[in-house]
Amino acid sequence: MLAWDGQGQAWVAGTVVHVLGPIDTVAMAEDIPAPPPTAIHATPKPTEPPKPAGPDFQLVGIRLWGVEENGGRFDGPTVICGEKRQLRVIVTDAAGKPLNGVTVKAIYGNQEEAVTGDKGPGITEFVLGNGQDVYIIRDVDGRQVTSDYARGMSTDPRAIPYDILLGGRFCVSAEDCTRFASLPGCYGHYSWDVTYRRAY
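Numbered according to numbering that gives the first Met the number 0, the sequence shown spans residues 0 to 199.
The structure is reproduced here in structure tokens:
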């Protein structure tokens with residue numbers, strides 16, 4: 000009996016615990032599996048820079064030589080034709096520096112091959128007959144390459160667009176170009192520059 004808050008008696012509650020088995024030892028877990036291995040991620044290999052779109056050698060421009068550049072002259076309004084008929088191919092690297100040792104191939108006739116550097120830094124030449132188209136087939140290391148085709152380098156004024164004849168001063172108006180081409184003026188004696196740039 001207990002006295003509580005001036006009362007004569009009070010009850011005490013207790014929790015009854017039933018013990019099962021020995022309590023003087025601690026159970027230890029056995030055969031605990033090893034933790035899974037930590038995943039090791041392989042270091043990614045560096046990727047090569049993407050190859051530029053388009054062919055290895057890209058056509059930059061085609062230009063008809065002017066009357067005087069081709070060895071001709073003017074007698075008043077009359078064109079005195081020059082005697083040249085050259086196709087000059089100029090090849091540069093991506094930065095614009097001349098590339099020697101690049102092989103250029105003609106499409107028509109004997110399908111000649113010429114290597115840049117034989118007519119100046121990055122330059123080679125073909126002699127034009129009626130005209131020629133060209134493309135590049137090998138790089139400086141001899142590796143085969145892809146290339147744009149340069150087309151339309153004709154020595155027949157009837158096959159040359161009037162804006163190009165005007166640019167070379169072979170005529171001074173569309174009407175004059177019609178007359179000049181119908182002669183046909185300077186037939187067989189036109190020269191051209193073709194410029195390529197390597198894409199890499």
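Ideal Cβ placement from N, Cα and C applies to all residues, glycine included. Everything numeric in this text was worked out from a predicted model, so none of it was measured.
Environment of residue i [buried if 16+ CB atoms lie within 10 Å]
| i | result |
| --- | --- |
| Arg178 | exposed |
| Thr115 | buried |
| Tyr107 | exposed |
| Arg197 | buried |
| Gly121 | buried |
| Ile31 | exposed |
| Thr37 | exposed |
| Ile89 | buried |
| Ile135 | buried |
| Ala52 | exposed |
| Ile159 | buried |
Span separating the alpha-carbon of residue i from that of residue j
| i | j | result |
| --- | --- | --- |
| Ala173 | Trp191 | 21 Å |
| Asp117 | Thr123 | 6 Å |
| Glu203 | Asp162 | In this structure the chain extends from 0 to 199, so residue 203 is not present and cannot be described. |
| Ala180 | Pro156 | 5 Å |
| Arg62 | Val193 | 7 Å |
| Gly187 | Leu164 | 14 Å |
| Gln228 | Phe56 | This structure leaves residue 228 out entirely; the chain is present only between 0 and 199. |
| Ala93 | Val101 | 14 Å |
| Tyr199 | Ile79 | 43 Å |
Where the beta strand (DSSP E) containing residue i begins and where it ends
| i | result |
| --- | --- |
| Glu124 | 122-126 |
| Ala94 | Looking at the DSSP string, Ala94 is not in any beta strand (DSSP E), and its letter there is neither H nor E. |
| Ile79 | 77-79 |
| Arg196 | 191-197 |
Cβ of residue i within 9 Å of any chain B Cβ
| i | result |
| --- | --- |
| Gly184 | Reference to chain B is not applicable here, since this structure consists of a single protein chain. |
Where the alpha helix (DSSP H) containing residue i begins and where it ends
| i | result |
| --- | --- |
| Glu174 | 173-181 |
Query - Given 8 Å, three or more beta-carbon pairs between the stretch 65-76 and the stretch 135-151 - result: no
Report task. Kindly provide the ranges of any alpha helix (DSSP H) runs that are 4 or more residues long and lie completely inside the stretch 126-166, ordered along the chain. Result -> 161-166
Report task. Please confirm if the stretch 125-136 is in contact with the stretch 145-165, defined as three or more CB-CB distances below 8 Å between the two stretches. Result -> yes
Query raised in the report: Between the stretch 164-172 and the stretch 93-111, do at least 3 Cβ pairs fall closer than 8 Å?
Result: no
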